[in-house]
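In our numbering, the protein residues as written are 5 to 263.
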């Protein structure tokens, strides 16, 4: 998984080679991104996000969520580039009904990998005060806790998912009581893993906290600029329960043999 400006030190070609090598070794892989695909580099300034979406499509990303920088060229700029993305953007708490982006996004998606059902949904950060109003227009921000509990419950109970993942752009934690992944995890049900972005936090391994049911929620984030690729291996028992979790943060520049 990745988050926070998918260009920079790591490089797209190097990341593609690393992803290909992982897929050659592992049969059941999900490739996810936690937002801020758009962010100010010469590539974005010139191509407006087209290059990033095309390269991520070439790498066969399975899903991504939206970060605040994905509004840098406004709703029209994002709408213009969406056809270049051959993967879904998942966002459960932005209401685009009264915008050009109406019906362009889904709140969640269910993946089946080797008989294991994995539910993925996206949660975005409050745009007001972070993004100029003219760039997000009539997008309505909805309560992340309320939306997360609704969709996580739906995925776990109705869809019978063995694993529920939230792609979050709330940020890991803050000195204030501002909504963050740590607070979010503690106030929700049914989420097993939060893949985070926004705060550009480099975690060597996931952190964890307890949810409302006193069950462990793993939270991971691997910085920004494509420097690291996060890898988490979930091993399941025959009855579908999680048996073991292994995680690593891979420095892309050191793993470029197949690029």
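Beta carbons are placed, not taken as given, at the ideal position from N, Cα and C, and that holds for glycine.
C-beta atoms of residue i and residue j nearer than 8 Å
i, j, result
"residue 35", "residue 16", "no"
"residue 156", "residue 195", "yes"
"residue 61", "residue 42", "no"
"residue 143", "residue 206", "no"
"residue 221", "residue 19", "no"
"residue 98", "residue 79", "no"
"residue 129", "residue 72", "yes"
"residue 7", "residue 146", "no"
Beta-carbon proximity list for residue i, same chain, < 8 Å, skipping 5 on both sides
i, result
"residue 50", "Its pLDDT being 45, under 50, residue 50 is placed unreliably in this model, and the value from its coordinates should be taken loosely. So no residue of the chain qualifies."
"residue 216", "190, 191, 192, 193"
"residue 165", "114, 121, 122, 123, 159"
"residue 106", "100"
"residue 161", "194"
"residue 163", "114, 121, 123"
Where residue i falls, given that 16 or more other Cβ within 10 Å makes a residue buried
i, result
"residue 29", "exposed"
"residue 86", "exposed"
"residue 74", "buried"
"residue 241", "exposed"
"residue 214", "exposed"
"residue 37", "buried"
"residue 82", "buried"
Straight-line gap, residue i to residue j (C-alpha atoms, nearest Å)
i, j, result
"residue 93", "residue 58", "14 Å"
"residue 139", "residue 247", "45 Å"
"residue 136", "residue 76", "9 Å"
"residue 102", "residue 209", "40 Å"
"residue 54", "residue 151", "30 Å"
"residue 40", "residue 141", "18 Å"
"residue 26", "residue 32", "10 Å"
"residue 227", "residue 134", "20 Å"
"residue 117", "residue 219", "24 Å"
"residue 66", "residue 119", "17 Å"
"residue 202", "residue 68", "14 Å"
Own chain residues within Cβ distance below 7 Å of residue i, not counting five before or after
i, result
"residue 153", "192, 193"
"residue 110", "92, 94"
"residue 184", "174, 175, 176, 177, 178"
"residue 112", "94, 96, 123, 124, 125, 155, 159"
"residue 238", "167, 246, 249"
"residue 243", "none"
"residue 211", "223"
"residue 104", "79, 80, 83"
Identified DSSP bridge partners for residue i
i, result
"residue 93", "68"
"residue 239", "248"
"residue 233", "254"
"residue 224", "199"
"residue 124", "113, 169"
"residue 36", "67"
"residue 212", "222"
"residue 76", "Answer is none; residue 76 lacks a bridge partner."
"residue 145", "98"
"residue 132", "135"
"residue 265", "Lying outside 5 to 263, the shown extent of the chain, residue 265 is not represented and no answer is given."
"residue 206", "226"
6 Å CB neighbourhood of residue i in its chain, flanking five on each side removed
i, result
"residue 172", "127, 185, 198, 200"
"residue 88", "54, 57, 58"
"residue 169", "124, 197"
"residue 251", "209, 210, 236"
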